[in-house]
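J.: I have a structure here, written as structure tokens, and I will follow up with some questions on it.
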Amino acid sequence: MYVLVNKIINLFASLTNSMKKNNHNSAVFRKMVKYQKSVRIPE
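Its first residue numbered 1, the sequence shown is counted upward by one per residue in full-length UniProt numbering.
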């Protein structure tokens with residue numbers, strides 16, 4: 001389960017990286033960052 005969440009977060013990270021390169025969708029990027037902060041994975 002945690003591995004799956006990790007893969008999803010990694011996917012979001014790569015998506016946001018391409019968005020930043022295109023220099024748009026900053027609102028989506030902020031939502032992604034907020035989501036990543038809300039998902040804390042226990043070690």
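Think of the CB as a built atom: it goes at the ideal place given N, C-alpha and C, for glycine as much as any other residue.
These numbers come from a predicted model, not from an experiment.
1. If you draw a straight line from the C-alpha of V3 to the C-alpha of S18, how long is it?
2. Between the C-alpha atoms of V33 and I8, what's the straight-line distance to the nearest angstrom?
3. With a Cβ-Cβ cutoff of 8 Å, do V5 and V28 count as a contact?
4. From the beta carbon of V28, is the nearest beta carbon of chain D less than 8 Å away?
T.: According to the structure data:
1. Counting from one through the sequence shown, the residue named residue 3 turns up at place 3. Counting from one through the sequence shown, the residue named residue 18 turns up at place 18. Cα to Cα, the separation comes out at about 23 Å.
2. By one-based count along the sequence shown, residue 33 stands at place 33. By one-based count along the sequence shown, residue 8 stands at place 8. Straight-line Cα distance between these residues: approximately 13 Å.
3. Position 5 of the sequence shown, counting from 1, holds the residue named residue 5. Position 28 of the sequence shown, counting from 1, holds the residue named residue 28. No. Outside cutoff.
4. Absent from the structure is chain D; it holds one protein chain and no more.
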